[in-house]
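Note sheet for the following structure.
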Amino acid sequence: MVDFSRMPHAVGYFSPARFGAEVLDCEVTGAIPAELDGAFYRMHVDWLYPPKFDDEASLSADGYVSLFRFKRGIVDYRGRYVRTDRFARQVAARRQLYGYYRNPYTDDPEVRNIGAPGERTTANTTPVILGGKLYATKEDGLPYQLDPNTLETLRQEDFGGRWQSQTFTAHPKLDPRTGELVAFGYEASGLAARDVFLCTFDRTGAIESSMRFEVPYTTMLHDIAITERHVVIPGSSLVTSLERLREGKIHWGWDRTRESYYAIVPRGGDARAIRWFRGPERSIVHTANAWSEGNKVYLDLPMADGNTWPFFPDIHGGAFAMHANTIRRLTFDLDSGDDRCREQVLFDREVTSFTRIDDRFLTRPHRYVYVQFADRSRPFRGSLPEDPRAQPNNSLARFDLRTGSMSSFFAGDAHILQEPCFIPRSPGSPEGDGYLLATVHNLAAMRAELAVVDAVSMTELARVILPFRNPSQVHGTWATERDLPLA
Ligand SMILES: [Fe+2]
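As structure tokens, this is what we get:
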């Protein structure tokens, strides 16, 4: 029997959605710009069955994929679960079979397979385009290929046996200049392993080069950044071990005695040429962008001084206190004998970790960073189940690194914004000249909405309205007919 009453935060808008849907010719206020022709894919987290443990991470929820298809000012919506092997086994059993996030020791005996942790993936994190195909990805397993129009789950991808890792990142990075995709898997040879498999795909999706190396200690390597010459891999203060997993604990714990570390890897080069840098205790989830200038490498990213994961406990028993992300710049001097990196706060405004840029400027210096944040000067008509006094992420920020200024878009007084996605007005338009797409939870109307925002004036152009709730989004990706065979 399905019963979510043990999950105190799974109420109201935040209760699991648990259905697929199709809406043709969605209701729209305002006017959709005619040049928006493409598909906005999003991955969400949605429990079909309640988790086995009350303190489980939302990261374990089933993957749900949705699509807003824009064409000639009309928008169609489709959404459905990713039919992973795990999902199919659970539907057959009619219950939750899997235990803690990335800990197969806590699974039911009939699905417990310690040697193949990648079988547990829920493929819930990022829609990734590779070699003209669409994939649902999550860093604890291999990706699932999806039909780009029906969103049907086709198969789990092993790249013809050439992918030498049990895992595949949810944040591969596309080089807009060469069309190459840099991807990696960590805990590559198994649970808690220190090895990383780093790989470059060419624009056709064929593997061009790869390398394998070990990190100083196993930590969550959720995101990377690339420059024209380097790959930057940041590691933070989350830790794991086989002992911890055998004790039945959730995969990650926070160790405040651990420094952050950073690998500066020559692209297409040799693992022996990796330069390692270190910094203080930090929480690092996503990057914004990186670039190389001479023998310096720069990385802009949201970063916090301590733990930002409520469900990954302090291994020394300390109480959880949320640390805020601010946008910072790290400088790595490859000529220096010093292995410390330089850290500079670019903007001290508290933001989420979901920074995005105009992706045409990945690998090169960029001017703008976009991210959603909680604007506490704005009204909020509602309450959040995990903290009734909290202000939700009601606004989108555009940070201008050239002028040091910020402009913002407010989504509404009962609204929570999800990660934005930038789309250029035309392929040749200047950086930042285009649109921001971001979906919104409307808590008052109990429905999902998609805001289309002018990225220059930060004003709303249109809003697409769904007549139902969407589960919480993780990441989104824009695709055109040049990227995927769109109907
Ligand atoms: Fe992510």
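Here the numbering used here is used: the first residue of the sequence shown is 944, the next is one more, and so on. The beta carbon of each residue, even a glycine, is placed where N, CA and C say it ideally should be.
What are the boundary residues of the alpha helix (DSSP H) that residue i is part of?
i, result
"R1189", "1185–1189"
Output the boundary residues of the beta strand (DSSP E) element that contains residue i.
i, result
"Q1315", "1311–1316"
"V1139", "1138–1144"
"G1222", "1218–1222"
"R1098", "1096–1099"
"G1128", "1124–1129"
"S1350", "1348–1353"
"T972", "970–973"
"H1358", "1358–1360"
"L1085", "Here L1085 belongs to no beta strand (DSSP E), and DSSP marks it neither H nor E."
"D1343", "1338–1343"
"F1156", "1150–1157"
"W1234", "1232–1236"
"P1070", "1069–1073"
"A964", "964–966"
Roughly how many whole angstroms lie between the Cα atoms of residue i and residue j?
i, j, result
"F1304", "D1019", "29 Å"
"V1034", "G1006", "14 Å"
"Y992", "V1054", "16 Å"
"R1221", "P1363", "30 Å"
"M986", "L1089", "12 Å"
"L1040", "F947", "15 Å"
"I1072", "L1427", "8 Å"
"H1358", "V945", "29 Å"
"G1212", "G1280", "21 Å"
"A974", "P1060", "47 Å"
"E1062", "D1051", "14 Å"
"D1356", "A1391", "14 Å"
"A1031", "T1298", "33 Å"
"Y1087", "D1138", "23 Å"
"G1148", "G1103", "12 Å"
"I1150", "F1140", "12 Å"
"F983", "R1155", "34 Å"
Can you pull the DSSP bridge partners for residue i?
i, result
"M1246", "T1269"
"W1421", "F983"
"P1367", "G1377"
"G1178", "Y1204"
"M1163", "DSSP, once it has assigned bridges, lists no residue as partnering M1163."
"D997", "None, per the DSSP bridge assignment."
"D1397", "Y1378, T1402"
"F1011", "F983, Y1020"
"R1324", "DSSP lists no partner for R1324."
"R1390", "N1385"
Tell me the DSSP secondary structure of residue i in three-state form.
i, result
"D1028", "helix"
"V945", "coil"
"E1053", "helix"
"D1302", "helix"
"L899", "For the chain, the structure presents residues 944 to 1430; residue 899 sits outside this window and is missing."
"Q1416", "strand"
"E1062", "helix"
"Q1287", "strand"
"F1275", "strand"
"P1047", "helix"
"R1215", "helix"
"Y1078", "strand"
"A960", "coil"
"V988", "strand"
"G1196", "strand"
"A1036", "helix"
With respect to 7 Å, is the separation between the Cβ of residue i and the closest non-hydrogen atom of ligand 1 below this value?
i, result
"H1229", "yes"
"T1068", "yes"
"A1317", "no"
"H1114", "yes"
"V1417", "yes"
"H1165", "yes"
Below 7 Å, is the gap between the Cβ of residue i and the nearest heavy atom of ligand 2?
i, result
"G1122", "Ligands present in the displayed structure are limited to ligand 1, and ligand 2 is not among them."
From the beta carbon of residue i, is the nearest beta carbon of chain D less than 8 Å away?
i, result
"V1228", "No chain D is part of this structure, which consists of one protein chain only."
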